[in-house]
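Residue numbering for the sequence shown follows the working numbering, beginning at 155 and increasing consecutively. Here a beta-carbon is modelled for each residue, glycine too, at the ideal position from N, C-alpha and C. Here is the structure we will look at.
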Amino acid sequence: MVGVSSIISDINFIKDKILNDTTTKLIGDENGTRLTGNEEQWQKTLMALNEYLISSQAIQFDDVQMRNVLKQYYDEDIIERCYETIYSLKEYKFVLCCTTLFVEFI
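Below, the structure written as structure tokens:
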């Protein structure tokens with residue numbers, strides 16, 4: 155069984171490290187404890203969680219270790235799709251920069 159002080163400590167940690175004025179709200183009432191918010195607030199909460207996970211592990215985006223950390227919290231397929239999207243945007247940006255430089259030199 156988890157002690158009350160441990161639960162309170164975890165809730166305070168989440169409030170301090172993850173939640174802010176733009177993220178979801180932590181609600182505690184007779185129905186239990188939960189996060190509530192709109193789509194944008196949920197996205198910001200997940201981004202804040204990801205930022206915390208990455209910064210606390212001192213890992214880089216390209217590290218396999220980062221994928222392994224994220225796999226503890228997200229479905230592997232979602233992680234791979236996100237990486238594919240980000241890498242395709244990186245490649246697009248590189249091609250766009252090269253094209254822009256090429257056009258400027260003509």
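With a cut-off of 8 Å on Cβ pairs, the segment 190-206 is in contact with the segment 175-182, counting three or more such pairs.
In this chain, the alpha helix (DSSP H) harbouring residue 164 covers 158-171. For residue 187, the uninterrupted beta strand (DSSP E) segment begins and ends at 186-190. For residue 180, the beta-bridge partners assigned by DSSP are 189. Annotation for residue 225: 233 place their beta carbon closer than 7 Å to its own, counting only its chain and skipping 5 residues before and after. In this structure, DSSP gives residue 240 a helical state, which the three-state scheme calls helix. An exposed status is given to residue 162, since fewer than 16 other beta-carbon atoms sit within 10 Å of its beta-carbon.
Taken atom to atom, the span from the alpha-carbon of residue 183 to that of residue 169 is near 16 Å. Residue 204 sits in a helix when the DSSP states are folded into three classes. Around residue 199, the same chain offers 177 and 178 as residues with beta carbons nearer than 6 Å, after the five sequence neighbours per side are excluded.
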